[in-house]
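Note sheet for the following structure.
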Amino acid sequence: MKIVILNGSPKGENSVTMQYVAFIQKKFPQHEFKQINIVPIIRQLESGGQVFNELMETIRIADGILWAFPLYVFLVHSHYKRFIELISERGTEAAFQGKHAGILTTSIHFYDHTAHNYMHGICDDLNMKFYAAYSAGMDDIFKEKERERLLQFSQGFFDAIHRDAFTTKVYQPLRTRTSEYVPGTDQASVATHGQKVVIVTDSEEHDSNLIRMVEKFAAYFPGQAEVINLHSLKIKGSCLGCIRCGYDNTCVYEGKDDFIEFYRSKLQTADILIFAGAIHDRYLSSLWKTFFDRAFFNTHIPALAGKQIAFLISGPLGQLPNLRQILEAYTEWQRINLVGIVTDESDSEKIDQSLQELARRSVEYGNRSYIKPATFLGVGGSKIFRDEIWGHLRFPFAADHQFYKNSGVYDFPQKDYATRIRNLLFGLIIKIPVVRKKIYGELLITKMVEPFKKIISKI
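Just so we're aligned, residue 25 is where the sequence shown starts under our numbering, counting upward by one.
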């Protein structure tokens, strides 16, 4: 069988993900594998012509497609995202239709599911026959049990292709709205109380709804909100995956384009941030993805912590819970406060009301320095980073380790000696049947709330 590997790593053959692919190739020599390194040739693909056409022909004659990529900030690399956009822009979806598809990723399991959900949705949009997704930990290949599991996935994928297995879609096609947003003429201003408001957008001339939403929101802060369009910035390229930033957060692009200066002088000095974008396929644009990828020069440090943030979205966000979760998870991981998300999915009057409330609430929360408590999205993600940076990622991410050490991120339970002693004592006591019956029968519930009642009584 002919299997096409669409490699989504900027490092090409030197990608960790491609080592897993090489392992599969060696174990299944009876199949013909063709690897295409998408990210390094994205400019050639964008220019059209022979390179793009040859790639589509390679896909057209393939029996199966393996989307193989490392995780990049909740999703795929921005250039991989751009390739996906080109498929629909060039009207070449037919090359993928009916092809059996699988997903192989490598990561530390930080929001690997959102990347899988996104790519599964893309496969369904392309009318591919989706088999399954496989999430490999970066070091799994060194473990015999994990190598065996990867072989089981691979064999299942090849078997599904051989028998032309039937599949059903999980993600239904998006229903796009064509309603025009017409802002009202009433405009009440909102005092910023000295807070700096920065609006970042990727709007283009055809994004009329998004442009009007940004203008309407900015008008609530007359002369006080700065609007920056990502298209106006010189951004030389996306993240290279070189990890040069790991030592001291110095990026390989330092001084070579506008991005780092923009991030530091505009975003990190702002109090209220508004990110505005239009939906492209099942995410924002590849330019917005470049923004998030390039921001990784801060590595795993929440460089925007303490700020207020809101999103203005043009497009069917209500049909994309995966994208909403990405936006929410991003804010919780960054330790910034998500004030709200406003879309153009309702009528103009409701959009106006939502934007006005968003403006007021942004300032109110900012005045109080309010950051809502993290949910599992933030707590779970932070613990993954904590453990990985403490462990095998301490090198090369020396800057992360120093920050985590100084800011108390290393809050491992083993340092809580009082709890350790308590657990040891109670662990011994409950082995006595009569005591165990008393504790679990009567005391546990009442004793559990006693410390809380003492705190409340002192108020």
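From the three backbone atoms N, C-alpha and C, an ideal C-beta is built for every residue, glycine too.
Only a predicted model underlies this, so the values are computations on that prediction, with no experimental measurement involved.
- [ ] Quick one: give me the first and last residue of the beta strand (DSSP E) that S131 is part of.
- [x] 124-131
TODO: Enumerate in chain order the residues of its own chain whose CB-to-CB distance from K240 is below 6 Å, with the five nearest sequence positions on each side excluded.
DONE: P207, L379
Task: Expected contact under 8 Å - CB spacing of I337 and T367 to nearest Å - done: 5 Å
Open item on the list: Please report the straight-line C-alpha distance between D188 and H124, rounded to a whole angstrom.
Closed with: 8 Å
Open item on the list: So if DSSP puts K556 in a beta bridge, which residue, or which two residues, is it bridged to?
Closed with: The shown model of the chain, from 25 to 483, leaves out residue 556, and the question about it has no answer.
- [ ] Give the DSSP-derived three-state secondary structure of I463 in the structure shown.
- [x] helix
Open item on the list: Mapping the DSSP letters down to three states, classify Y287 as helix, strand or coil.
Closed with: helix
Task: Other residues of its chain near I408: CB distance less than 8 Å, five sequence neighbours each side excluded - done: I132, H133, F134
Open item on the list: Based on DSSP bridge pairs, tell me the residues matched to G161.
Closed with: S131
Open item on the list: Here's a check: name, in chain order, each residue in its chain whose Cβ is nearer than 7 Å to the Cβ of T293, leaving out the five neighbours to either side.
Closed with: K220
TODO: Would you tell me roughly how many angstroms separate the C-alpha atoms of Q59 and L452, rounded to the nearest one?
DONE: 59 Å
- [ ] Just list the alpha helix (DSSP H) runs in the stretch 325-387, keeping only unbroken ones of 4 residues or longer that don't cross its boundaries, in chain order.
- [x] 345-358
Open item on the list: What does DSSP give as the partner residue(s) for T41 in the beta ladder?
Closed with: Paired residue(s): none; T41 is not in a bridge.
Task: Nearest candidate by alpha-carbon position, reference Y354, set G339, K153, V403 - done: V403
Open item on the list: Would I303 and P340 be called neighbours here (beta carbons separated by less than 8 Å)?
Closed with: yes
Open item on the list: Does I259 come out as helix, strand or coil in the three-state DSSP assignment?
Closed with: coil
Task: Alpha carbon of I65 to alpha carbon of D411, nearest angstrom - done: 35 Å
Open item on the list: Can you look up Y277 in the DSSP assignment and give me helix, strand or coil?
Closed with: coil
Task: Whole-angstrom distance between M162 and H137, CA atom to CA atom - done: 15 Å
Open item on the list: Among the candidates K439, I223, S33, A119, whose CA atom is the shortest distance from the CA of A249?
Closed with: I223
Task: Nearest candidate by alpha-carbon position, reference A160, set F98, F93, N447 - done: F93
TODO: Spell out the partners DSSP gives G88 in its beta bridges.
DONE: I27, H124
Open item on the list: What does the alpha-carbon distance come out to for the pair R444 and S39?
Closed with: 42 Å
- [ ] Please classify H230: does DSSP put it in a helix, a strand, or coil?
- [x] coil
Open item on the list: Please report the distance separating the alpha-carbon of A327 from that of F427.
Closed with: 11 Å
- [ ] Excluding the 5 residues preceding and the 5 following R199 in the sequence, name in chain order all residues of the same chain whose CB lies nearer than 8 Å to its CB.
- [x] P340, Q343
Task: Delimiting residues of the beta strand (DSSP E) encompassing G301 - done: 296-302
Task: Close Cβ partners of A422 (< 6 Å) along its chain, the five nearest in sequence each way excluded - done: Y271
Task: Bounding residues of the beta strand (DSSP E) (the contiguous stretch that carries I223) - done: 221-225
- [ ] May I have the straight-line CA-CA distance separating G415 from Q438, to the nearest angstrom?
- [x] 15 Å
Task: K461, buried or exposed, once every other Cβ within 10 Å from all chains shown has been counted against 16 - done: exposed
Task: Selection from L347, R384, P397 that minimises the alpha carbon distance to I488 - done: Outside the shown range of the chain, which is 25 to 483, sits residue 488, and nothing can be said about it.
TODO: On the DSSP bridge assignment, give the partners of A249 in chain order.
DONE: V221
Open item on the list: On the CB-based measure, 16 or more other CB atoms within 10 Å of its CB, does P34 come out buried or exposed?
Closed with: buried
Task: Helix, strand or coil at L308 [DSSP, three-state] - done: coil
TODO: Can you have a look at H217 and say buried or exposed, based on whether 16 or more other CB atoms are within 10 angstroms of its CB?
DONE: exposed
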